[in-house]
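The opening residue of the sequence shown carries number 1 in the UniProt record's numbering; numbering runs sequentially from there. For glycine and all other residues, C-beta sits at the position ideal for the given N, C-alpha and C. Below is one structure; the comments refer to it alone.
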Amino acid sequence: MATLLYRLGRASLRRRWLVAVVWLVVLVGLGVAAATLHGPTASNFTMPGTESQRAIDLLADRFPAASGATGTIAVKAPQAGELLSPAGQAVVKQVTQEAATLPGVVGAVDPYQVKALTPDGRYALIQVQFAGRADDVTDEQRTAYEKVGAQAEAQGWQIAPGGEVLNGEPEVGSTEALGVLVAAIVLVITFGSLVAAGMTMLNALIGVGVGMAGLFALSGAVQLTSTAPILALMLGLAVGIDYSLFITSRHRQNLLDGLSPEEAVGRAVGTAGSAVVFAGATVVIALAGLAVVDIPFLTVMGLAAAGTVSVAVLVAITLAPALLGFAGRRVLPRRLRGREAVESDATGSEDRSGFGFRWAHWVTKLRIPVILVGLLGLGLLALPAQDMRLALPDASTAAEGSPARVSNDLIREGFGPGFTGRLAVVVTADSPQATQAAVPQVTALIQRTDGVLAVAPPQLDPTGRTALLGVIPKTGPTDEATETLVHDIRRQVADVSGAEVLLTGVTAIGIDVSEKLSDALPVYLLLVVGLSILLLMLVFRSILVPVKAALGFLLTVAATFGITVAVFQQGHLADLVGLDTPAPLISFLPILLIGILFGLAMDYEVFLVSRMREDFVHGDTARQATINGMGHGARVVTAAALIMISVFSGFVFLDDPVIKSMGFALAIGVAIDAFVVRMTIVPAVMSLLNTAAWWIPRWLNRILPNVDVEGEGLRSHLADREPANV
């Protein structure tokens, strides 16, 4: 692979104008396709096969009027009892009528008819039924809905439209640009050259542009969740900058060794590019592996992110060499651009006084205390993870001041938390008589269940064969007690004869999604760990190095989960990340985090340990090889980690709690894995293992294919001929 990439790198530099034009044409073409073929994203999370989803599908078939999105308008009168006065009733009826005539609305329920009033006569709820699902509601319809009750508000009333219909797409704002700006500063400091930093950033941005344009071009044919493009953008930016950084750094070193630009870029792509291809492949495999969980929206998210990572790899090994060709020696600091300066630097002795070498000496000397402190520290950070709870987000965690949050808070204030997460029970049978006979029985069973506040009268479809019962729990949608209630109701109605009884609603869907994801988490974790051991065994021809890498990955994941739970679920230091309300973690965060961190962890592992193995194979002692690997790789890995942390942290300041938690967890995970695990625990363990780290049974070494990530085959190829242009 290294030899093939070496040739690709040289060819890309020689034909740099062609490569640049091709990528520009691809970018423009996909941009036009994205603008013309762009489809809507989905804010709902469906889970085929679950009881809640079967109920939704059944309603769409037999009771379409009740299968659309719902809205709830919370009304608060200026004074207690005013809702019961003739003037107050006139105001509420006027708001109800206004809501019923909105575009896309089937009807609005008069709160006086269904007694949706508080005993003190100050709060009321107006239920609004939309014709389509939440994702089908247009921005114009949503805006009109949010403006309902303006006349009443002018009279001192508080009117707060809310409900699932307000579920919108998270918006990318200026805060992410701050992360990119920090990344650019890190590049300038690392390279000491504006040209090198700017070229690396340009390369990454073109890759992100191509990836995102391609993703949006496909969104017309494939339904994306609203978080999928954000995740793809996060990863595309982070790995795009990092991969270009790795190749540019190796190219600069080759120039300082006296190679011509063409030979330098060829060897950079052949060596660092091999690591980039391997690291990118691991990220892609881990993300695409989400498909084995068999959850459609998660599969789409994984494939979308994998697509942008694949583009980042292609851009790094083709466009980066072309741009390096345009830059020439200007990628070097100004003092080293001259031929004499380069030759002087190349003939000088290697500088081993840098921080990387000093850190490696210290870590290997104190390896036992370092390992013990590292394990103890990460173990303590992981403790909160044992209390982790998963759920889909509800309006109670929306940003303070947003319409959804205002409505939710007003409903909780007047009616209690259960009214913000109503459950829906679908009773269906082959005949109207069977349904009518089953409904009283189901109602009685539900009313006797602990945790139920009230059961609304049934609504029947036109045929009378399907009934819909509203169930109001005493607790909120993400409370543990509500989860228990959902299971209790399902057990209570399981034995009802003559009819099928299904429990659904936004709250029930969230619980079903969370449980299925929790069940899939151990299987996926086992798959990822097994994959990491196999891949690293191919790369390093070792048994203990892959096992050590996998255990380090597990430490990273456990500590990241612990910190994320402590901040986002338990609320510790929540103000620092702008979190208004602590809540359970988003259901798909753990499994997504495992897939992404796996690829990134292998990235740093390969970059550091491949240099260790290279020096060990060429005659250094195991300890010295460990020090050399850290000394040469620490600066680049530090810069790469800081860039990823900066990019991910830029998403922490978005208002959307889902994106906020994803950005936070990824930033923390990269920081722990790069600085604690890979740059501290790994060299300490490698020093402790000594030569045993590189042991592999002969029979296994013979059957393993040689992927040549370190470029051993390339060195042999170059040794067989006089190096070109040296």
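Around residue 434, the same chain offers 498 and 499 as residues with beta carbons nearer than 6 angstroms, after the five sequence neighbours per side are excluded. In terms of Cα proximity to residue 19, the closest of 479, 595, 315 and 644 is 315. Among the bridge pairs identified by DSSP, residue 123 is matched with 76. Its chain contains 127, 128, 129, 130, 163, 164 and 165 as the residues whose beta carbon lies nearer than 8 angstroms to that of residue 70, once the 5 sequence neighbours on both sides are disregarded; these appear in chain order. Of the other Cβ atoms in all chains shown, fewer than 16 fall within 10 Å of the Cβ of residue 85; this residue is therefore exposed. Comparing C-alpha distances from residue 579 to each of 398, 430, 641 and 551 shows the shortest one belongs to 398. If you draw a straight line from the Cα of residue 558 to the Cα of residue 289, it comes to about 20 angstroms. Boundaries of the alpha helix (DSSP H) around residue 24: 16 to 37. Per the C-alpha coordinates, the member of 251, 281 and 536 positioned closest to residue 271 is 251. Under the rule that a run must span 4 or more residues, the alpha helix (DSSP H) segments found entirely inside the stretch 156 to 217 read 175 to 191. Residue 557 carries a helical assignment under DSSP once its states are collapsed to helix, strand and coil. Under the DSSP assignment, residue 614 falls in the alpha helix (DSSP H) whose first and last residues are 589 to 617.
Where residue 499 is concerned, there is no enclosing beta strand (DSSP E), because DSSP gives it neither an H nor an E. In this structure, residue 615 keeps its C-beta atom at 8 angstroms or more from the C-beta atom of residue 601.
Looking at the backbone, the Cα of residue 509 and that of residue 608 are separated by about 44 angstroms. Here residue 529 is buried. Its C-beta has 16 or more other C-beta atoms within 10 Å.
For the set 684, 459, 463 and 473, the Cα lying nearest the Cα of residue 446 is the one of 473. Per DSSP, residue 276 has no beta bridge partner at all.
For residue 94, the secondary structure class from DSSP, reduced to helix, strand or coil, is helix.
Listed in chain order, the alpha helix (DSSP H) runs fully inside the stretch 667 to 708 are 682 to 689 and 698 to 703, counting runs of at least 4 residues. Less than 8 angstroms separates the beta-carbon of residue 410 from that of residue 158. Non-local C-beta neighbours of residue 460 in its own chain, meaning closer than 6 angstroms and more than five positions away in sequence, comprise 467, ordered along the chain. In this structure, the straight-line span from the alpha carbon of residue 701 to that of residue 576 is close to 50 angstroms.
Burial is judged here by how many other beta carbons sit within 10 angstroms of a residue's own beta carbon; residue 151 has fewer than 16 and is exposed.
Nearest to residue 134 by alpha-carbon distance, out of 226, 87 and 304, is 226.
Contact between residue 240 and residue 312 holds, with the beta-carbon distance rounding to 4 angstroms and staying under 8 angstroms.
The Cβ neighbour count for residue 394, taken over all protein chains shown within 10 Å, is at least 16; the residue is labelled buried. Straight across, the Cα-Cα distance linking residue 230 with residue 106 is about 33 angstroms. Among the bridge pairs identified by DSSP, residue 425 is matched with 469 and 503. Note: residue 223 is not bridge-paired with any residue in the DSSP secondary-structure output.
According to the DSSP assignment, residue 105 belongs to the beta strand (DSSP E) that extends over 105 to 109. Residue pairing from DSSP leaves residue 118 without any beta-bridge partner. Residue 651 sits in coil when the DSSP states are folded into three classes, being neither helix nor strand. The C-beta of residue 690 has fewer than 16 other C-beta atoms within 10 Å across all chains shown, which makes the residue exposed.
Taking all protein chains shown into account, residue 692 has fewer than 16 neighbouring C-beta atoms within 10 Å of its C-beta and is therefore exposed. Just measuring C-alpha positions, the residue of 49, 672, 512 and 319 sitting nearest residue 390 is 512.
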